[in-house]
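There are 2 protein chains.
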Amino acid sequence: MPQARYFELSDARREGFFNISEAAEASGVSTKMIRHYEEIGLVPKAGRTVAGYRIYRDADVHVLRFIRRSRDLGFTMKEIAGLLGLWQNKRRASGDVKKLATKHIAELDARIAELQGMRRSLEHLVHCCHGDDRPDCPILDDLAGAAKA
Amino acid sequence: MPQARYFELSDARREGFFNISEAAEASGVSTKMIRHYEEIGLVPKAGRTVAGYRIYRDADVHVLRFIRRSRDLGFTMKEIAGLLGLWQNKRRASGDVKKLATKHIAELDARIAELQGMRRSLEHLVHCCHGDDRPDCPILDDLAGAAKA
DNA sequence: GCTTGACCTTCCCACGGTGGGAAGGTGCAT
DNA sequence: ATGCACCTTCCCACCGTGGGAAGGTCAAGC
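Residue numbers (this note's numbering), protein chains in the order written: chain A, 1 to 149; chain B, 1 to 149.
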């Protein structure tokens, strides 16, 4: 859905288009990332003014906001591509969306568990370390492989 | 502590040196990463045989294992550089190590909280989605900005 | 000895996501 | 007309890891 290069920017604005920084402001996605998403094909190529400035409509901003929100929920680019596809497919099955989201929850859980494992080990080590001016340190001993974590 | 390029590989082995893949095996750090760590200066440049093969001693392998273990606990390269410095400084204060570790725990906590926030939101959305063949889907609605998460 | 295969070397490229900044063109208000 | 804020493309960086190509080396078997 690329729009043709018809407009002067002023005309475009009158027609309700935004330029990239307005779209960024409105969507919460930086201009850098908007261009990036376009480049990797996550969003369709934006329309352009005669001078080559990208222009965006409300619908485009919605898409960007959708992406932003998905990122905030930790979805990867690939997952977001999937979500966008489902979103734009009026005949989608909500079960497919739910499946994707559920899978993502599992990924989050895995990551959380991993971090908690680290946290637990580290907490234990910190607890064992007197933490004063003496060099003796069970944290370093463990890292060095003393292996009685 | 780079060693001079004196040895044939066979001599080096007799002297108790390892080649890079043996060091990788023994330390749990891939050959790729060993070279990388050397390149970024995290570990000193390895000794070489006359043919240019890197050779490693037990002490070097210990350093690599230290790094590996630190990575497993989620420390960043920068933090590991700090830990290595402390480890190799016999006059360190264990308090400095403890401080570094404590700070890292706080980072882990922040990251965990972030992921849990995502998880919570997503869990709620998934809970609201009937997940059948119908297209109607509160997950997509939320991502699209329906904004009643 | 010579071949073979497993190793080594350096080099470049990729990922995910994001940002910085240079160099050059445009839009608009004064 | 001048200046400033914005736009464009392009390249580079981060972190950590891996893939792979092109070329050299080592050790074992014949």
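Each residue gets a CB set at the ideal place from its N, CA and C atoms; glycine is no exception.
Among the options, nearest to residue i - alpha-carbon criterion
i: His124/A; options: Arg92/A, Val61/A, Asp96/A and Asp141/A; result: Asp141/A
i: Arg57/B; options: Lys103/B, Ser70/B and Val43/B; result: Val43/B
i: Lys32/B; options: Gln116/B, Glu114/B, Gly117/B and Leu64/B; result: Leu64/B
i: Gly145/A; options: Val61/B, Asp96/B and Gly117/B; result: Val61/B
Test item: CB-CB of residue i and residue j under 8 Å
i: Glu79/A; j: Leu108/A; result: no
i: Ile20/A; j: Ile40/A; result: no
i: Phe126/A; j: Arg68/A; result: What sits at residue 126/A in the sequence shown is Val, not Phe. No, the pair does not count as a contact, with Cβ atoms beyond the cut-off.
i: Asp136/B; j: Ser94/A; result: yes
i: Leu115/A; j: Arg111/B; result: yes
C-alpha gap between residue i and residue j, whole angstroms
i: Gly131/A; j: Arg92/B; result: 11 Å
i: Gly82/A; j: Ala24/B; result: 38 Å
i: Lys148/A; j: Leu143/B; result: Only weak support exists for where Lys148/A lies, its pLDDT of 40 falling under 50; the value from the coordinates is given anyway. The alpha-carbon atoms of Lys148/A and Leu143/B are separated by roughly 46 Å.
i: Gly47/B; j: Ser27/B; result: 17 Å
i: Arg13/A; j: Arg54/A; result: 12 Å
i: Phe18/B; j: Tyr37/B; result: 17 Å
i: Gln88/B; j: Arg119/A; result: 24 Å
i: Gly52/B; j: Lys45/B; result: 12 Å
i: Asp133/B; j: Ile139/B; result: 14 Å
i: Gly16/B; j: Leu86/A; result: 60 Å
i: Thr49/B; j: Thr102/B; result: 42 Å
i: Thr76/A; j: Phe66/A; result: 13 Å
i: Ala113/B; j: Asp96/B; result: 26 Å
i: Gly117/B; j: Ala59/B; result: 43 Å
i: Glu22/B; j: Glu22/A; result: 56 Å
Distance between beta carbons of residue j and residue i, contact taken as under 8 Å
i: Lys98/B; j: Cys129/A; result: 5 Å
i: Leu122/A; j: Ile105/B; result: 5 Å
- Message: Residues of the stretch 68-92 of chain A in Cβ contact with chain B at a cutoff of 7 Å, in chain order, please.
- Response: Residues passing the 7 Å Cβ filter: Arg69, Ser70, Leu73, Gly74, Leu83, Leu86, Trp87, Lys90, Arg91 and Arg92.
- Pull out every residue of the stretch 120-142 of chain B whose Cβ sits closer than 9 Å to any Cβ of chain A, in chain order. Listed by position along the chain: Ser121, Leu122, Glu123, Leu125, Val126, Cys129, His130, Gly131, Asp132, Asp133, Arg134, Pro135, Asp136, Cys137, Pro138, Ile139, Leu140 and Asp142.
- Query: Between the stretch 12-39 of chain B and chain A, which residues of the former have a C-beta closer than 9 Å to a C-beta of the latter?
  - Reply: Per Cβ criterion, the list is empty.
- Message: To be precise: take each residue of the stretch 38-66 of chain B, compare its Cβ to all Cβ atoms of chain A, and keep it if any distance is under 7 Å. Which residues remain?
- Response: If the cut-off is 7 Å between Cβ atoms, the stretch 38-66 of chain B has His62, Arg65 and Phe66 near chain A.
- Message: Against chain A, which members of the stretch 91-109 of chain B pass a CB distance test of less than 9 Å?
- Response: Cβ contacts with chain A come from Arg91, Arg92, Ala93, Ser94, Gly95, Asp96, Val97, Lys98, Lys99, Leu100, Ala101, Thr102, His104, Ile105, Leu108 and Asp109.
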